[in-house]
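S.K.: Sharing a structure below in structure tokens format, with a few things to ask.
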Amino acid sequence: MILGDTSPDELLQAQHAGRVTFDDLIARAIARAPDAVALVDAPHRPTACGGRPLSLTWVEVDRIVSNIAQRLRALGLPTDAVVALQGPGTAEQILALLGIVRAGMIAAPLPLLWRRAELREALSRVGAKAIVAAGRVGEMRLVDLAMTAAADCFTVRCVAGFGPDLPDGMVPLDPLLTEPSRGSVPPVDRPVNPAAHVAVVTFDTDLGGPVAVGRNQVELLAAGLSIALECRMEHATTVVSTLQPSSLAGLSTGLVPWLLLGGTLALHPPFDAGVLGDQLDALDARVLAVPGPLAQRLAEAGVLGRAAKLASVIAVWRTPERLAAAADWTIRDCALVDLQVFGETGLIAARRGTDGRPAAITAGAVTAPRTTPGATLVAEIARSDLGTLKIRGSMVPRYPFPPGAERGTAPFLQVGPDLYVDTRQPCRVEKATNVLTVTAPPSGFVSIGGYRVALAEIERVTDEIAPGTTLLALPDILMGQRLFGHAGHGEETRAALIERGVSPLVVAAFRDRRAAAESAAA
2 MILGDTSPDE
12 LLQAQHAGRV
22 TFDDLIARAI
32 ARAPDAVALV
42 DAPHRPTACG
52 GRPLSLTWVE
62 VDRIVSNIAQ
72 RLRALGLPTD
82 AVVALQGPGT
92 AEQILALLGI
102 VRAGMIAAPL
112 PLLWRRAELR
122 EALSRVGAKA
132 IVAAGRVGEM
142 RLVDLAMTAA
152 ADCFTVRCVA
162 GFGPDLPDGM
172 VPLDPLLTEP
182 SRGSVPPVDR
192 PVNPAAHVAV
202 VTFDTDLGGP
212 VAVGRNQVEL
222 LAAGLSIALE
232 CRMEHATTVV
242 STLQPSSLAG
252 LSTGLVPWLL
262 LGGTLALHPP
272 FDAGVLGDQL
282 DALDARVLAV
292 PGPLAQRLAE
302 AGVLGRAAKL
312 ASVIAVWRTP
322 ERLAAAADWT
332 IRDCALVDLQ
342 VFGETGLIAA
352 RRGTDGRPAA
362 ITAGAVTAPR
372 TTPGATLVAE
382 IARSDLGTLK
392 IRGSMVPRYP
402 FPPGAERGTA
412 PFLQVGPDLY
422 VDTRQPCRVE
432 KATNVLTVTA
442 PPSGFVSIGG
452 YRVALAEIER
462 VTDEIAPGTT
472 LLALPDILMG
482 QRLFGHAGHG
492 EETRAALIER
502 GVSPLVVAAF
512 RDRRAAAESA
522 AA
């Protein structure tokens, strides 16, 4: 599926876009070092999210990806079918995403903390035909949640899962991890340019609900390449990622650089500073991707000092308005690269200088590496008439998804005639220097640990459950913001929100504080 019209100009542009695909990159890595370690789970995976840790070579990755692709085709799923993914950042998530793309389908990784309400809406909007689930979050088994989501969405035809004790009716995928190769997967007949077809859909949030953002492999590789260039990543390097592979930021700091460089991708879900230090040391990690507010804290705690070969830390700022107040970076033999993330629209990587302060970003062309003559153009940014940052370029989608979304009533990615997409992030531009700075979060949203939720929708739901509820969005050093809710009966409100299928981020705002205080006093 190539988005846009079928005019000769559009087809010509798609034809002349980059032609490298994920499969091409995997084949290149196998040709160079087939038995090198490619994909590694965190050692604390069994207790954190279930399942045994995997460590796979490039040959093993290729075999499993092909097995998954053939299994999906055997289920009767058509080319360009949207297959949703929900699970923690484990090897199976990466393998399943690559298997979906190899099968000629579209992978739709879902935010880990989405529950029934968000899932129902998102799956329906993209017409998902299948769901692949694995693992758990706390006591929540995601395979059970997937079955519930499938029952809510009439387009879903099958549900598959990794792990033990799968619900009745779920297709087991664990055997594919150890089965011998079923042979190569016949390539999908892709007209014009295989890399220009939609490969992955991620989800942004609008005041009217989730917004599907479809990207082809050209756009995904452009985003990841911009980060790899700014970090000065080397071939066959080891990247440790603490981000979930369910967003543009998560994919472009982990999966994409790993494919481009043919090294090792080490996953780390959920966050544990002690385990992370051991992981960095054991793997001789060169690059680490972490949420922006954690980078300096990890340095101060001595976690990063345990990785003798660590060359770059990618500090991912999903709330870029907080970057200006970030602490100075003081580790001289390890570069800090700030990554400003604008929802699912685009991102900008900027390496800090010797002063340790965040680098100034100017309106206009953004290149990578930024300070290198003749560098690659990766994006253009500007201040819109509404005072918000807008962005266009090789990583930014040019059309909404699914095709025809602009003719419906649901929110969709709005691309201007000049191909700019408004990120809705308020910003200012200094007249003397042309430096552009994000100053505030998008109006009407709360950003909690990388999740963006519409405050008005939360207030509507909570007021239906418990009239007179008070709900506040408060600053938080690590999470960006947090919700504080007050209701007459906190536990009853929590139970009702859980029953509605509301995100745990909202549920956590309500507690029976009187009972908690009495328990603490006792």
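Per our numbering, the very first residue in the sequence shown carries number 2; after that it's consecutive.
Here a beta-carbon is modelled for each residue, glycine too, at the ideal position from N, C-alpha and C.
Have a look at ILE27 and ALA134 and give me their C-alpha separation to the nearest angstrom.
M.R.: In the sequence shown, the residue the question calls residue 27 occupies position 26. In the sequence shown, the residue the question calls residue 134 occupies position 133. Roughly 24 Å separates the two Cα atoms.
S.K.: So, is PRO79 buried or exposed, given that buried needs 16 or more other C-beta atoms within 10 angstroms?
M.R.: The residue given as residue 79 occupies position 78 in the sequence shown. Per the 10 Å Cβ criterion, exposed.
S.K.: Buried or exposed, going by whether 16 or more other CB atoms sit within 10 Å of the CB of LEU378?
M.R.: Looking up residue 378 in the sequence shown gives position 377. So LEU378 counts as exposed.
S.K.: Would you give the residue range spanned by the alpha helix (DSSP H) that ALA274 belongs to?
M.R.: Counting from 1 along the sequence shown, the entry for residue 274 is found at position 273. Looking at the DSSP string, the run of the alpha helix (DSSP H) that includes ALA274 is 274-284.
S.K.: Please give the ranges of any beta strand (DSSP E) in the stretch 359-414, keeping only runs that are unbroken, at least 3 residues long and fully inside the region.
M.R.: 365-369, 377-384, 389-393
S.K.: Please report the distance separating the alpha-carbon of THR346 from that of ASP386.
M.R.: Mapped onto the sequence shown, residue 346 falls at position 345. Mapped onto the sequence shown, residue 386 falls at position 385. THR346 and ASP386: Cα-Cα distance of roughly 18 Å.
S.K.: How many Å lie between GLN71 and ASP169 at the Cα?
M.R.: The residue you call residue 71 lines up with position 70 of the sequence shown. The residue you call residue 169 lines up with position 168 of the sequence shown. The straight-line gap from Cα to Cα measures roughly 22 Å.
S.K.: Judging by CA-CA distance, which residue of ALA336, LEU114, PRO294 is the nearest neighbour of VAL314?
M.R.: As a working mapping, residue 314 is identified with position 313 in the sequence shown. The candidate whose alpha carbon is nearest that of VAL314 is ALA336.
S.K.: Nearest to ALA97 by alpha carbon, out of ASP464, LEU256, PRO294?
M.R.: Taking the sequence shown and counting its residues from 1, the one referred to as residue 97 is at position 96. Ranking the options by Cα distance to ALA97, first place goes to LEU256.
S.K.: Is the Cβ-Cβ distance between ARG352 and GLU231 less than 9 Å?
M.R.: For the purposes of this step, residue 352 is identified with residue 351 of the sequence shown, where counting begins at 1. For the purposes of this step, residue 231 is identified with residue 230 of the sequence shown, where counting begins at 1. A contact, by the Cβ cut-off of 9 Å.
S.K.: Taking all protein chains shown into account, do 16 or more other C-beta atoms lie within 10 angstroms of the C-beta of PRO192, making it buried, or fewer, making it exposed?
M.R.: Walking along the sequence shown from the start, residue 192 turns up at place 191. With fewer than 16 Cβ atoms within 10 Å of its Cβ, PRO192 is classed as exposed.
S.K.: Can you give me the start and stop residues for the beta strand (DSSP E) that GLY347 sits inside?
M.R.: The residue you call residue 347 lines up with position 346 of the sequence shown. Looking at the DSSP string, the run of the beta strand (DSSP E) that includes GLY347 is 347-352.
S.K.: Could you tell me the distance, in whole angstroms, from the CA atom of ASP464 to the CA atom of THR494?
M.R.: On the sequence shown, position 463 is the one that residue 464 refers to. On the sequence shown, position 493 is the one that residue 494 refers to. Each residue's Cα considered, the two are about 10 Å apart.
S.K.: Look at the alpha carbon of ALA82 and the alpha carbon of ALA197, and state the distance between them as a whole number of angstroms.
M.R.: By one-based count along the sequence shown, residue 82 stands at place 81. By one-based count along the sequence shown, residue 197 stands at place 196. One C-alpha to the other measures close to 16 Å.
S.K.: Taking the beta strand (DSSP E) that LEU437 belongs to, which residues open and close that run?
M.R.: On the sequence shown, residue 437 is found 436 positions in, with the first residue counted as 1. Residues 437-439.
S.K.: Beta-carbon within less than 8 Å of LEU146's beta-carbon, same chain only, minus the 5 sequence neighbours each way: which residues are those?
M.R.: Residue numbering aside, residue 146 sits at position 145 when the sequence shown is read from its first letter. Within the same chain, LEU146 has close Cβ partners GLN87, ARG116, ARG117, LEU120, ALA134.
S.K.: Less than 9 Å separating the beta-carbons of ARG358 and VAL430?
M.R.: Working through the sequence shown from its first residue, we reach residue 358 at position 357. Working through the sequence shown from its first residue, we reach residue 430 at position 429. Here ARG358 is not near VAL430, since their CB atoms are 9 Å or more apart.
S.K.: Using DSSP bridges, identify the partner residues of PRO427.
M.R.: Taking the first residue of the sequence shown as position 1, residue 427 is located at position 426. According to DSSP, which records beta bridges pairwise, PRO427 is partnered with THR389.
S.K.: Identify which residue in GLY164, PRO404, ILE132 has its Cα closest to the Cα of ASP153.
M.R.: Here residue 153 refers to the residue found at position 152 of the sequence shown. The residue with the shortest Cα to Cα distance from ASP153 is ILE132.
S.K.: If you reduce the DSSP assignment to three classes, tell me which class GLY100 lands in.
M.R.: Taking the first residue of the sequence shown as position 1, residue 100 is located at position 99. Residue state, collapsed to three classes: helix.
S.K.: Which residues does DSSP list as the beta-bridge partners of THR206?
M.R.: Counting from 1 along the sequence shown, the entry for residue 206 is found at position 205. THR206 is bridged by DSSP to PRO211.
S.K.: Excluding five sequence neighbours on each side, which residues of the same chain lie with their C-beta closer than 7 Å to the C-beta of ASP282?
M.R.: Your numbering for residue 282 matches position 281 in the sequence shown. Same-chain partners within the cutoff: ARG307, ALA308.
S.K.: Pick helix, strand or coil for MET141, following the three-state DSSP scheme.
M.R.: Residue 141 sits at position 140 when you count from the first residue of the sequence shown. Here MET141 sits in strand by DSSP.
S.K.: Run through the DSSP bridge pairs and tell me what LEU86 is partnered with.
M.R.: For the purposes of this step, residue 86 is identified with residue 85 of the sequence shown, where counting begins at 1. BP columns for LEU86 point to PRO110, VAL133.
S.K.: Taking 9 Å as the cut-off, decide whether the C-beta atoms of PRO211 and PRO412 are in contact.
M.R.: Working through the sequence shown from its first residue, we reach residue 211 at position 210. Working through the sequence shown from its first residue, we reach residue 412 at position 411. Cβ atoms of PRO211 and PRO412: closer than 9 Å.
S.K.: I'd like to know if the stretch 287-302 and the stretch 62-77 are in contact, where contact means that at least 3 CB-CB pairs between them fall below 8 Å.
M.R.: Taking a contact to require three or more Cβ pairs closer than 8 Å, the stretch 287-302 and the stretch 62-77 do not qualify as touching.
S.K.: Does the stretch 97-109 come close enough to the stretch 39-47 to have 3 or more Cβ pairs within less than 8 Å?
M.R.: no
S.K.: What did DSSP end up calling ASN194 once you bin it into helix, strand or coil?
M.R.: One-based indexing of the sequence shown puts residue 194 at position 193. Coil.
S.K.: Is ASP339 helix, strand or coil by DSSP?
M.R.: Mapped onto the sequence shown, residue 339 falls at position 338. In the structure shown, ASP339 sits in a strand (DSSP, three-state: E or B).
S.K.: Determine the extent of the beta strand (DSSP E) in which TRP259 is found, giving its start and end residues.
M.R.: Within the sequence shown, residue 259 is the residue found at index 258, counting from 1. Looking at the DSSP string, TRP259 is not in any beta strand (DSSP E); the run it does join, the alpha helix (DSSP H), is 257-262.
S.K.: Of the choices GLU93, ALA229, PHE272, ILE349, whose alpha-carbon is the least far from that of ASP175?
M.R.: Residue mapping note: residue 175 aligns to position 174 of the sequence shown, counting from 1. It is GLU93 whose Cα lies nearest to the Cα of ASP175.
S.K.: Between the beta-carbon of ILE101 and the beta-carbon of VAL84, is there less than 9 Å?
M.R.: The count along the sequence shown starts at 1 and reaches residue 101 at position 100. The count along the sequence shown starts at 1 and reaches residue 84 at position 83. Yes, Cβ-Cβ distance for ILE101 and VAL84 is below 9 Å.
S.K.: Which residue marks the beginning of the beta strand (DSSP E) containing VAL240, and which one marks its end?
M.R.: Within the sequence shown, the letter at position 239 stands for residue 240. VAL240: member of the beta strand (DSSP E) spanning 239-242, first to last residue.
S.K.: Please classify ARG46 as buried or exposed, where buried requires at least 16 neighbouring CB atoms within 10 angstroms.
M.R.: The residue labelled residue 46 in the question sits at position 45 within the sequence shown. ARG46 comes out buried.
S.K.: Specify whether the stretch 316-332 and the stretch 433-447 touch according to this definition: at least 3 beta carbon pairs, one from each stretch, less than 8 Å apart.
M.R.: yes
S.K.: Whose CA, out of GLY405, CYS428, ALA369, TYR400, lies closest to the CA of VAL416?
M.R.: As a first step, residue 416 must be located in the sequence shown, where it is residue number 415. Taking only the C-alpha atoms, the option nearest VAL416 is TYR400.
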